[in-house]
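Step one of this worksheet: look at the structure below.
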Amino acid sequence: MIPVVESENGTSKIFRKVYYNYLKDFLMTDLFEGYIHGHYLWRCDICDRYFFMTTARNQLYCSTVNKKYGVPCSYIAKHPEVTKRKMKKQRKSDSPYYVLWKNRYDSIRKNKSLSKYSANVSAKAKELIDYYFNLANVDFDYAENQYEKDMELSKIYEEAMKD
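FYI, this note's numbering numbers position 93 of the sequence shown as 250, with every residue one higher than the one before it.
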């Protein structure tokens with residue numbers, strides 16, 4: 158795949174064309190370009206796996222399901238009875254589920270103040286996102302597979318206007 162930039166008059170120019178002799182060279186270039194754009198590697202303290210951080214939040218644990226315990230590492234950190242040891246706490250605002258919930262909550266509040274939707278529809282939309290957020294904190298399969306799809310703003314308003 159070659160990045161192409163289209164100018165205003167409709168002509169296309171190749172932005173950059175790079176050839177690699179080895180896969181390792183491509184992976185290293187990709188890693189450092191990720192660093193340039195603010196993505197960086199972080200190691201989960203529980204499962205010792207590396208994952209990419211794409212935000213400036215201090216997410217301490219990965220959100221993938223830990224094979225040893227059958228629950229996500231972020232859940233293990235909140236519940237020390239699972240591992241019989243106390244883990245460093247992660248702030249609620251650093252959770253990826255909370256970040257998405259907060260964005261949707263702010264959008265609903267803003268749309269209500271701009272009178273795009275009625276107070277009744279906005280209240281139902283807030284109830285829906287609260288329900289989805291609570292479900293994501295309890296049901297890990299839902300959080301991993303369906304949570305982002307259910308939290309789409311258009312889908313939330315569509316469901317809120319049904320009732």
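Every residue gets a Cβ at the ideal spot worked out from N, C-alpha and C, and that includes glycine.
The beta strand (DSSP E) that contains residue i, what's its start and end?
i: residue 185; result: Taken as a continuous stretch (DSSP letters only), residue 185 belongs to no beta strand (DSSP E), being part of the alpha helix (DSSP H) at 180 to 193.
i: residue 197; result: 197 to 200
i: residue 265; result: Careful: residue 265 lies outside any beta strand (DSSP E), inside the alpha helix (DSSP H) at 253 to 270.
i: residue 170; result: 169 to 171
Need the endpoints of the alpha helix (DSSP H) that residue i sits in, please.
i: residue 318; result: 310 to 319
i: residue 292; result: 276 to 295
i: residue 231; result: 230 to 235
i: residue 355; result: Because the chain here runs from 158 to 320, residue 355 falls outside it and cannot be looked at.
i: residue 304; result: 304 to 307
Pull up the CB-CB distance for residue i and residue j, whole angstroms please, since I reckon it's below 8 Å.
i: residue 289; j: residue 307; result: 5 Å
i: residue 261; j: residue 286; result: 5 Å
Would you report the Cα separation of residue i and residue j, rounded to the nearest angstrom?
i: residue 316; j: residue 309; result: 11 Å
i: residue 304; j: residue 295; result: 12 Å
i: residue 187; j: residue 279; result: 42 Å
i: residue 189; j: residue 180; result: 14 Å
i: residue 283; j: residue 297; result: 22 Å
i: residue 165; j: residue 299; result: 44 Å
i: residue 319; j: residue 311; result: 12 Å
Leaving out the 5 sequence neighbours to the left and right, which residues in its chain are closer than 6 Å to residue i when beta-carbon positions are compared?
i: residue 182; result: none
i: residue 274; result: 268
* Hey, is the segment 195 to 205 in contact with the segment 217 to 237, meaning 3+ C-beta pairs nearer than 8 Å? -> yes
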